[in-house]
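Chains as they are written, first to last, in the numbering used here: chain F, 1 to 103; chain H, 1 to 905.
Beta carbons are placed, not taken as given, at the ideal position from N, Cα and C, and that holds for glycine.
Some notes on the structure that comes next.
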Amino acid sequence: MLNIMLVCSAGMSTSLLVNKMNKVVKEKELDVNIVAVAEADVKSNMDKVDVMLLGPQVRYLLPNMKGLMEPKGVPVEVVDTVDYGTMNGEKVLEYALSLAKEL
Amino acid sequence: MSRIKEVLDTLERLREENPEGISAIDVAQILDIDRSNISRYLNILYRDGKVEKLEGRPVLYRTIDIEKDTFKERNTPISKNKNSLDKMVGANQSLAISIDKAKAAIMYPPKGLHTLILGETGVGKSMFAELMYQFSIETNILGKDAPFIRFNCADYASNQNLLTAQIFGVKKGAYTGATKDREGLLKKADGGFIFLDEIHRLSPQGQEMLFTYIDNGFFRPLGETENLSYVDVRIIAATTEDPKSNLLKTFTRRIPMVITLPPIRDRGLSERYDFIETFIKEESHRLGKSIYINKNAIISYLLYDCPNNIGQLKSDIQLACAKAFLNYKSQNNNYILITQCDLPNHVKKGIMNINQYRNEVEQLLNFNYDILKFNQSEKPPLLMEIDKYTTEDFYNSIEEKLKSLKNMGISEQDINEIINIDIETHFKEYIGSISRHFHKEEISNIVDNKILEVVEEILLLGEKKLNKHFSEKVYFALSFHLERSINRIKNGEKIYNPKLNFIRINYEEEFLFAMKITRIIDERFGIETPVDEIGYLAMFFATDSYKFDKVEVPKVGILVIMHGKTTASSMVEVANSLIGTDHAIALDMPLNMKPETMYSIAKRKVEEINKGEGVIILVDMGSLTTFGDMIWEETGIEVRTIEMVSTSMVLEVLRKSIVGYSIDEIMEAFKNKHVYKYRSNVLEEGNNIKDIIVTACFTGDGASKKIANIIGKEISNKNIDIFTINIIDENNLENRLYKLKDKYNILAIISTISLDISWAPVFLAVDIFTNEGIDKLNNVFEENEMCLKISQSLTEHLPNIKDKKIVKEIRYILYEVEYKLGLKVSIDVRMGIMLHICFLIDNLIKGVIPRKFNDLEEYKKTYKKEMKILREIFSPIENKYEIVIGENEIGYILKTFLSNQISVY
Numbered sequence: 001m002l003n004i005m006l007v008c009s010a011g012m013s014t015s016l017l018v019n020k021m022n023k024v025v026k027e028k029e030l031d032v033n034i035v036a037v038a039e040a041d042v043k044s045n046m047d048k049v050d051v052m053l054l055g056p057q058v059r060y061l062l063p064n065m066k067g068l069m070e071p072k073g074v075p076v077e078v079v080d081t082v083d084y085g086t087m088n089g090e091k092v093l094e095y096a097l098s099l100a101k102e103l
Numbered sequence: 001m002s003r004i005k006e007v008l009d010t011l012e013r014l015r016e017e018n019p020e021g022i023s024a025i026d027v028a029q030i031l032d033i034d035r036s037n038i039s040r041y042l043n044i045l046y047r048d049g050k051v052e053k054l055e056g057r058p059v060l061y062r063t064i065d066i067e068k069d070t071f072k073e074r075n076t077p078i079s080k081n082k083n084s085l086d087k088m089v090g091a092n093q094s095l096a097i098s099i100d101k102a103k104a105a106i107m108y109p110p111k112g113l114h115t116l117i118l119g120e121t122g123v124g125k126s127m128f129a130e131l132m133y134q135f136s137i138e139t140n141i142l143g144k145d146a147p148f149i150r151f152n153c154a155d156y157a158s159n160q161n162l163l164t165a166q167i168f169g170v171k172k173g174a175y176t177g178a179t180k181d182r183e184g185l186l187k188k189a190d191g192g193f194i195f196l197d198e199i200h201r202l203s204p205q206g207q208e209m210l211f212t213y214i215d216n217g218f219f220r221p222l223g224e225t226e227n228l229s230y231v232d233v234r235i236i237a238a239t240t241e242d243p244k245s246n247l248l249k250t251f252t253r254r255i256p257m258v259i260t261l262p263p264i265r266d267r268g269l270s271e272r273y274d275f276i277e278t279f280i281k282e283e284s285h286r287l288g289k290s291i292y293i294n295k296n297a298i299i300s301y302l303l304y305d306c307p308n309n310i311g312q313l314k315s316d317i318q319l320a321c322a323k324a325f326l327n328y329k330s331q332n333n334n335y336i337l338i339t340q341c342d343l344p345n346h347v348k349k350g351i352m353n354i355n356q357y358r359n360e361v362e363q364l365l366n367f368n369y370d371i372l373k374f375n376q377s378e379k380p381p382l383l384m385e386i387d388k389y390t391t392e393d394f395y396n397s398i399e400e401k402l403k404s405l406k407n408m409g410i411s412e413q414d415i416n417e418i419i420n421i422d423i424e425t426h427f428k429e430y431i432g433s434i435s436r437h438f439h440k441e442e443i444s445n446i447v448d449n450k451i452l453e454v455v456e457e458i459l460l461l462g463e464k465k466l467n468k469h470f471s472e473k474v475y476f477a478l479s480f481h482l483e484r485s486i487n488r489i490k491n492g493e494k495i496y497n498p499k500l501n502f503i504r505i506n507y508e509e510e511f512l513f514a515m516k517i518t519r520i521i522d523e524r525f526g527i528e529t530p531v532d533e534i535g536y537l538a539m540f541f542a543t544d545s546y547k548f549d550k551v552e553v554p555k556v557g558i559l560v561i562m563h564g565k566t567t568a569s570s571m572v573e574v575a576n577s578l579i580g581t582d583h584a585i586a587l588d589m590p591l592n593m594k595p596e597t598m599y600s601i602a603k604r605k606v607e608e609i610n611k612g613e614g615v616i617i618l619v620d621m622g623s624l625t626t627f628g629d630m631i632w633e634e635t636g637i638e639v640r641t642i643e644m645v646s647t648s649m650v651l652e653v654l655r656k657s658i659v660g661y662s663i664d665e666i667m668e669a670f671k672n673k674h675v676y677k678y679r680s681n682v683l684e685e686g687n688n689i690k691d692i693i694v695t696a697c698f699t700g701d702g703a704s705k706k707i708a709n710i711i712g713k714e715i716s717n718k719n720i721d722i723f724t725i726n727i728i729d730e731n732n733l734e735n736r737l738y739k740l741k742d743k744y745n746i747l748a749i750i751s752t753i754s755l756d757i758s759w760a761p762v763f764l765a766v767d768i769f770t771n772e773g774i775d776k777l778n779n780v781f782e783e784n785e786m787c788l789k790i791s792q793s794l795t796e797h798l799p800n801i802k803d804k805k806i807v808k809e810i811r812y813i814l815y816e817v818e819y820k821l822g823l824k825v826s827i828d829v830r831m832g833i834m835l836h837i838c839f840l841i842d843n844l845i846k847g848v849i850p851r852k853f854n855d856l857e858e859y860k861k862t863y864k865k866e867m868k869i870l871r872e873i874f875s876p877i878e879n880k881y882e883i884v885i886g887e888n889e890i891g892y893i894l895k896t897f898l899s900n901q902i903s904v905y
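Below you can see the structure in the form of structure tokens.
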């Protein structure tokens, strides 16, 4: 089971993206679990994460999160703006999976 | 000249016999020259330091005693060996840095640096400029004959052609009214300094001409086509503008040296004391008499609120000196003494602050006697050219008037009163604007300046005639009232005052006074004030004694209801306290309160405050706007609603209600007033709108066309149109851009001068010609394409937002946020925030309750200004979608911007 965490500033926009990603997960029958978390709640949800993706608007968290997560072997990246903006679940999921593979 | 020499010789010759000095009459008899001429010569000699005046009647003159003279020099060693700049008050303290900078600007090789002086009204910018000039002569950087040209851009601000012509000169026929060639001041200042005060009043065209000179050393007079004028002039510009203002950024970028002069409140009491001392000494020097001043009066001068700074302090001191001089003359006193009574009202209040500053004051005035003497023989450290317009002539005129009034047999008390009025009118400019300085700033946004001036004049007169002190409240209310009624009269609308007879009988004095001042109003505004209006004016003058409640018909009730925990109550508190009443009532509607609950509270309140005249409800937006009609239907009480309330609206309604306007009369002013402002900010419904770039220059034909050509090549493969427009009048410009914005999607504006446009990127034409500028422009295109893609797929995910242009709409808003917060975020962050806001709006329409922001109160305190800016920017969106974004979400948005900022403008 791969745990993907999506972070945005107040959880407004990511939930839809998570839905779309989940749709793809179902179609392809993947063993992936995706959660959307607001920036303020990251700390309390950090244990069960394998890949962390940041919304573009919380890009400023990147250095901090990398420092926190990469030692644990968790890759952290910012989602591509257009994929994010078009709510392209498939592409974002692919990106997350590719990050997980690199490990 | 030889006559003057003759007078001097005579004085010298007779010195031995008349050690006490000789009067002008004696000299006139000896030389057989007209006495008034002799007096003039003596004054010149006195001014040149060749003779001294001795106290007494008649004034006696004698040549200056060499020994005493040396003593004097010893006594004031400061003035020796020091240059003009270092003699300034605070030269070693608050002005130290400014003076260093000034010297650097003057000495910077090869020709010095142009300088911009910033500071509030009255901090001494002109004086500083003049001292810089003197310094450069003292240090032989400029020759003795170097010119110093002073020019105030505000003097010609209403005629920009004339203004530019004054500075740069003009060729015959350059514009209507330019009937002959004329040399400009810049030319006259060749080899010296030009001091351009209130530089912000210079038109964009004038600015460009000035910058051309700064950059290249030449300029072209208006209408001159062939020859360039080369001059060598050091420019000192000055302005009261906020250094952060956009306009000023243009100047600070082009003018290398910027010197900021501190306001008097930041300069400490000891410097303030030095000023007081200097100014009294100056007056004493002018009068040729010592001036005594009561200790309490000095304390008042040290501690009163002095918003117009040193200039105000000086005129407030001059006023007191003039009054003291009058007493001395009319009552044949032996000395000129300034007491508390001679101080202007607002200065007198200074002593009330003594508890707060007792220790400091005691340290400063470290002596036991109650009266201080400023000896005429002590020269003030600096006597400025600038002061010439308030010279001894003013004292002479007091003296002459006193004499002639006495000859006419007028009683002493009346004479004093008459001359006191003269003195105060002389200083009126200061007193009027000063005592009401605080609110004037605020009101001038709402009420025409011309009206404010008249009201000041009227109240000043009123204070004399009716012998009462009018509070700022009256000033405020009367300004407000007058503006409205002048408009009514001009439009031929009727004014009816139901209390007219009551006022006429019970407030006769005020009514008579109102009749008198009506003449001023009629003359100034070209109207004929009807008697009913005179009645209203009289009510203002009687405000403090007139108890409306007891006799007045019931007033229209006022209820302010707004979203937010304290928004309505704080607005009402301001309005009530300014008008001096508790008539307006506030209802706060917390965000989690249901409209139904609020409705029943509002209904009860309306029933409670209705006194038969109806109730006006002022609301911000949303469901609240419907309350009025519903209550009216249910209760039968006449209820009117005003939407998008602001403090100034509450004030206007409240003020009118208090003086007894009917509900219809009050509502009339709001017929069309409040709608426009918001509409233009929101895109119209519509499908495909075209992307455009706007290029702007003065003519709309020259530079902007050229830019269009260049850009055109860059974007030939993109589906973008270019619009060229002219910038004749900047206000109008914004409106024209709004209109374009309604029809098209403005990607960027490229202009020859910087524009104060917040909602779209503005590039300077100059920058576009560099690679960096093109890169920036390309970023804009890139972002736009991103927007387009996102917009196409996004709108299907926003089920509750009908307007498909939401993405572009938000994009404007994000530019505005960046501009107004003075920061930038990267494109992807901006996109992210945009998405966030789109979903937020969608959710809010759906009725989802926003999340809480941790420690919101703390955050709001830290970022008070920023929160306010954001709330304002988002208010058109709130109105359009009938939602309340709320402080929690605003907090999130602000935080995202602040955390992601990449650079500061």
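Determine which residues share a DSSP beta bridge with residue i and list them.
i	result
H/S23	H/L60
H/E52	H/R62
H/G564	H/M589
H/C787	Beta-bridge pairing links H/C787 to no other residue.
H/S229	H/F219
F/M5	F/V35, F/M52
Flag residue i as yes if its beta-carbon sits less than 7 Å from any beta-carbon of chain F, otherwise no.
i	result
H/N900	yes
H/M107	no
H/I890	no
H/G886	no
H/I790	yes
H/S662	no
H/G847	no
H/I833	yes
H/D828	yes
Got a sec? Which residues, its chain only, sit under 6 Å from residue i by beta carbon, not counting five neighbours each side?
i	result
H/P530	I495
F/I4	I34, V51, A96
H/L118	P243, T260
Could you round the C-beta distance between residue i and residue j to whole angstroms and report it? I think they count as a contact, below 8 Å.
i	j	result
H/E783	H/I873	So it is not a contact: roughly 19 Å between Cβ atoms.
H/I351	H/N407	Contact flag wrong, Cβ pair sits at about 39 Å.
Is there a Cβ from chain H that is less than 7 Å from the Cβ of residue i?
i	result
F/G67	no
F/P56	yes
F/S98	no
F/Y60	yes
F/M46	no
F/L85	Inspection of the sequence shows that residue 85 of chain F is occupied by Gly rather than by Leu. With 7 Å as the cut-off, F/G85 counts as an interface residue toward chain H.
Applying the criterion that 16 or more other CB atoms from any shown protein chain within 10 Å of the CB defines a buried residue, is residue i buried or exposed?
i	result
H/V766	exposed
H/K846	exposed
H/G409	exposed
H/Y819	buried
H/S98	buried
For residue i, which residues in the same chain have their Cβ closer than 7 Å to its Cβ, ignoring the five residues on either side in sequence?
i	result
H/A514	I534, L537, A538, F541
F/V58	V7, C8, S9, E39
H/Y273	L302, L364
Who are the near neighbours of residue i in its chain, counting only those whose CB is closer than 8 Å to its CB and skipping five residues on each side?
i	result
F/K66	V76
Item to complete: May I ask you to list, following chain order, the residues of the region 505-521 of chain H that have a beta carbon less than 9 Å from some beta carbon of chain C?
Response: This model lacks chain C altogether, as its protein chains are F and H.
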